[in-house]
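Here is the structure we will look at, set down as structure tokens.
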Amino acid sequence: MGEKRKPNMSPVKVTMPEQPAEIRRSNFGEVALGYTAEMAMEEATRCLQCKHRPCVKGCPVNVRIPEFIAKVAEGDFLEAYRILSSTNNLPAVCGRVCPQEKQCESRCVRGIKHEAVGIGRIERFVADWYLENAKDKLVPPPCNHRKVAIVGSGPAGLTCAGDLAKLGYDVTVFEAFHVAGGVLMYGIPEFRLPKALVQSEIKLLSELGVKIKCDMVIGRVFSLDELMEEEGFEAIFIGSGAGLPSFMNIKGENLNQVYSANEFLTRVNLMQAWRWPEAATPINIGKRVAVIGGGNVAMDAARSAQRLGADEVYIIYRRSEEELPARLEEVEHAKDEGIIFKLLSNPVEILGNDAGWVTGIRCISMELGEPDASGRRRPVAIPGSEFDIELDTVIVAIGQSPNPLLRDTTPDLNCHSWGGIIVDDTLATSKEGVWAGGDAVTGAATVILAMGAGKQAAASIDEYLKAKHEEV
Ligand SMILES: Cc1cc2nc3c(=O)[nH]c(=O)nc-3n(C[C@H](O)[C@H](O)[C@H](O)COP(=O)(O)OP(=O)(O)OC[C@H]3O[C@@H](n4cnc5c(N)ncnc54)[C@H](O)[C@@H]3O)c2cc1C
């Protein structure tokens, strides 16, 4: 510890060890295996410690990146964790699933000519090191007895809860599922984000005083008004995500063996279908599976289907490879594992037998026309180019929107027609004392953007409650 290392001017990141594709395609163990201490220190010395800290500006939760990396370079991992966790409540999660290439690493000066510093990889190392080596329990700050309710325990809710608990608020998170974590638990598969790690980071929040109540569907068990008027909460943050799957509305979508990616991944992750027969919930997918869509959710569903034993897994996407919305790394991993990409193809009908089970899918070939409102070239069907693929299972992964329950049970909560909650610049909703953020406001986005919103809302709630109590 404390030893000054020479700057490492290597143009490329220290390689992250990973399970070989031919082995990992049939197990749910983590794909990327993480840095050793030596590798983390080696990568940390690639950081130039820029005075103007461009990487920090690329991080929605303002992690003090050069500071924590400097400590890693010195071998002082505990201090590195303290710095990292002072602004990020879920660093083991972020080190694994953040699209760093579009955030902090996209601003890294080393990245102008060569590869950026592996900020995410170093972050993951520090968080894992702490979870393995920390001996002392966290000590909650003195409680100010002002109660704040958080609806939803995804990254937005957990971040808001953690930040408020650190400020001394009495925070309770209400979660509809039987386990906390949101998409981190029910969506992102084990091989990208081990569930035990998510629970370890949530446990640290509990040590800070955050209370988590599962199996509590707000809008059913309590309305927002009841939380405030009867349960004594002075402020509420809604981080209820975007868990309502979209469908294509084509013929055959009601056949047996058509899943939404949401249901499929929930069964695999949360109900641990991948551990069947040890676990109670099996999932039958057969040998030929097609996943419709080209985002991270589609990649996760396809790679999970392969690991469950399918021989042929297709990704069917209506644009070309260039427009695939999934992270490049996920696309590369999927390809290495043998997922078959049917690009420029759009499903027109899901085919079935008389008993009502999927037998295949009919698609039409597409070509790219002029750019549409999203700036991407519009896919246009080529007349007469229909083709069929024989299948046992179809998984639809074309998007999600916010669940309507809260807006339906809260008349004074203004929402967009597509379901997103309307907020102002401070993330306050139309309802007094209620803030919202994450996917419930933006529609399906990313973990770190949801965390950024949770952080901003926590600061707004703190300001609101301080002002309210000064007035009294
Ligand atoms: C399969 C999949 C893979 C993804 N991969 C990535 C990735 O690699 N990187 C990345 O950055 N992002 C990824 N994302 C997106 C990311 O996970 C989300 O943007 C993020 O989780 C949103 O966080 P949130 O807190 O807003 O909502 P969520 O994580 O959706 O959490 C919302 C929580 O609220 C609960 N809830 C809903 N309604 C109620 C209610 N009425 N009462 C109580 N509780 C309620 C839900 O059960 C849920 O637990 C992925 C998403 C999916 C689905």
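When we follow our numbering, the leftmost residue of the sequence shown carries the number 123, and every step to the right adds one.
Note that CB positions come from ideal geometry on N, CA and C, so glycine has one too.
Whether residue i touches residue j by CB criterion (9 Å)
| i | j | result |
| --- | --- | --- |
| G240 | E254 | no |
| G560 | A572 | yes |
| S362 | A562 | yes |
| W251 | A159 | yes |
| P213 | R175 | no |
| F313 | E452 | no |
| E489 | L465 | no |
| I340 | A298 | yes |
| E449 | E434 | It should be pointed out that residue 449 corresponds to Arg in this sequence rather than to Glu. No, Cβ-Cβ distance for R449 and E434 is not below 9 Å. |
| E353 | F344 | yes |
| V244 | E140 | The sequence given here has Ile at residue 244, not Val. No, the pair does not count as a contact, with Cβ atoms beyond the cut-off. |
| L469 | M370 | Here residue 469 is Pro; the residue named in the question, Leu, does not match the sequence. Taking 9 Å as the Cβ cut-off, P469 and M370 qualify as a contacting pair. |
| K259 | V295 | no |
| L513 | Y436 | yes |
Ligand 1 heavy atom lying under 8 Å from the CB of residue i
| i | result |
| --- | --- |
| Q394 | no |
| A143 | no |
| T532 | no |
| D433 | no |
| I241 | no |
| P221 | yes |
| E140 | no |
| D347 | no |
| I405 | no |
| M338 | yes |
| M350 | no |
| I310 | yes |
| I358 | no |
| N376 | no |
| V413 | no |
| E304 | Just to set this straight, residue 304 is Gly in the shown sequence, not Glu. Yes, ligand 1 has a heavy atom inside 8 Å of this Cβ. |
| L528 | yes |
| F150 | no |
| R314 | yes |
| P277 | yes |
| N384 | yes |
DSSP-derived helix/strand/coil call for residue i
| i | result |
| --- | --- |
| M573 | helix |
| G180 | coil |
| P524 | coil |
| C216 | helix |
| G491 | strand |
| R500 | strand |
| D514 | coil |
| L377 | coil |
| C265 | coil |
| K588 | helix |
| A256 | coil |
| R232 | helix |
Cα-Cα separation between residue i and residue j, rounded to whole angstroms
| i | j | result |
| --- | --- | --- |
| S368 | G521 | 5 Å |
| C265 | G290 | 5 Å |
| A249 | P404 | 33 Å |
| V569 | L326 | 18 Å |
| L535 | I543 | 7 Å |
| I407 | W396 | 12 Å |
| N149 | T388 | 18 Å |
| G233 | G274 | 37 Å |
| I504 | R529 | 41 Å |
| A238 | R146 | 27 Å |
| E196 | G276 | 34 Å |
| V301 | Y308 | 9 Å |
| K269 | D347 | 14 Å |
| M161 | L366 | 41 Å |
| G445 | F463 | Contrary to the premise, residue 445 reads as Glu rather than Gly in this sequence. About 13 Å. |
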